[in-house]
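Student: According to my numbering, the residues represented by the sequence shown are -6 to 237, in order.
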Amino acid sequence: MCELFCLSSRVPTRATFSLQTFASHGAPGRAAIDGWGVAFHDGCDVRLYKEPEPAGDSAWLALVERRGVASPLILSHIRRAIRGAITLANTQPFVRELGGRMHVFAHNGRLDGIEARSGADQCFRPVGTTDSELAFCLLLDYLAPLWHAGSIPEIGDRLDRVTRFAADMREMGPANFLYADSEVVFAHGDRRTQTDGSVTPPGLGSLCRKCAVDADALTRAGVTIGGRGRRAGNRPVRQRAADQ
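(1) Tell whether a beta-carbon distance below 8 Å holds between GLY102 and PRO167.
(2) What residues in its chain sit with their C-beta under 7 Å from that of ILE148, if we drop five residues either side in the sequence?
(3) Compare the C-alpha of SER144 against each of GLY182, ASP38, GLY92 and name the closest.
(4) By the DSSP assignment, the beta strand (DSSP E) with MET95 in it spans what residues?
(5) Do you know offhand how far LEU127's Cα is from ARG118's?
(6) Would the beta-carbon of PRO45 fall within 8 Å of that of LEU104?
(7) Rounded to whole angstroms, what's the CA-CA distance from PHE98 to ASP174? Just pull it up for me.
(8) The alpha helix (DSSP H) with SER144 in it runs from where to where?
(9) How is GLU164 classed by DSSP in three states: helix, strand or coil?
(10) Less than 8 Å between the C-beta atoms of HIS100 and LEU66, yes or no?
(11) Using 10 angstroms around the beta-carbon of ILE71, count the other beta-carbons present and answer buried if the total reaches 16, otherwise exposed.
(12) Determine the direct distance from the alpha carbon of CYS(-1) to that of ALA8, and round the result to whole angstroms.
(13) Is the separation between the beta-carbon of THR122 and that of ASN83 shorter than 8 Å?
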């Protein structure tokens, strides 16, 4: 199925090494060849690059790698289509505005019967035809009252609603997802198809790195820290990935 990747760091970070690995998973001959997307948070906005083509031979993704965009929060997705045609509208991550900032969502799994949860009173509507985008729209509808209060909601209030949403999604199928509101990233690991064909946990893996001051050591580890010419040492870099 699809694959997810998230990098969260204290300082703007270039994910060049991770993007190269990411692209190789979407190469011809691999399962996830039906599209790719990367979202780089920049303040309250997002730089979004995506296309419904294999990541492994994408000139656009190669350009993103060469540019070395630095961001404290990066979300990416490579797709193996299960629901919905192979189109740009169905390519993740999905992005919407809420509360004056861009929210990003990427999902891995299958949510049977989610269409029954939607209704005419929804504020957010999907552009494409995937269950993943519909789930994102339902999540934003659920979070909207917090953001419409005129101030940034407390993290605890946001976490409570995302947790309830995740529990609801798990009832319909594997619900691995990444959701970021430009300030906080929420990663929910559910279950995935294992090598023996069973659908069991874990659905997400995590890695935490504390970067050394030695620039050569960072390079050997495939980590580049800094933005607009700045470097920083002893900063934690967090990566989360899912493969289903």
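Here a beta-carbon is modelled for each residue, glycine too, at the ideal position from N, C-alpha and C.
Tutor: To lay it out plainly:
(1) Walking along the sequence shown from the start, residue 102 turns up at place 109. Walking along the sequence shown from the start, residue 167 turns up at place 174. Against a cut-off of 8 Å, the Cβ pair of PRO167 and GLY102 comes out as a contact.
(2) On the sequence shown, residue 148 is found 155 positions in, with the first residue counted as 1. Result list for ILE148: VAL177, in chain order.
(3) Taking the sequence shown and counting its residues from 1, the one referred to as residue 144 is at position 151. GLY92 is the residue among GLY182, ASP38, GLY92 whose C-alpha sits nearest the C-alpha of SER144.
(4) As a working mapping, residue 95 is identified with position 102 in the sequence shown. 94 to 102 is the extent of the beta strand (DSSP E) around MET95.
(5) The sequence position of residue 127 within the sequence shown is 134, counting from 1. The sequence position of residue 118 within the sequence shown is 125, counting from 1. Spanning the two alpha carbons is a distance of roughly 7 Å.
(6) Numbered from its first residue, the sequence shown carries residue 45 at position 52. Numbered from its first residue, the sequence shown carries residue 104 at position 111. For PRO45 and LEU104, no; Cβs fall outside 8 Å.
(7) Here the question's residue 98 lines up with position 105 in the sequence shown. Here the question's residue 174 lines up with position 181 in the sequence shown. Annotation: PHE98 to ASP174 spans about 9 Å, alpha carbon to alpha carbon.
(8) Within the sequence shown, residue 144 is the residue found at index 151, counting from 1. Counting along the chain, SER144 falls outside any alpha helix (DSSP H), and DSSP gives it neither H nor E.
(9) For the purposes of this step, residue 164 is taken as residue 171 along the sequence shown, with counting starting at 1. The DSSP-derived three-state label of GLU164 is coil.
(10) Here the question's residue 100 lines up with position 107 in the sequence shown. Here the question's residue 66 lines up with position 73 in the sequence shown. No; because the gap between Cβ atoms is not below 8 Å, this pair is not in contact.
(11) Along the sequence shown, one-based indexing puts residue 71 at 78. ILE71 is buried by the Cβ-count criterion.
(12) Position 15 of the sequence shown, counted from the start, is the residue given in the question as residue 8. Position 6 of the sequence shown, counted from the start, is the residue given in the question as residue -1. Approximately 10 Å between the Cα atoms of the pair.
(13) For the purposes of this step, residue 122 is identified with residue 129 of the sequence shown, where counting begins at 1. For the purposes of this step, residue 83 is identified with residue 90 of the sequence shown, where counting begins at 1. Contact flag set, yes.
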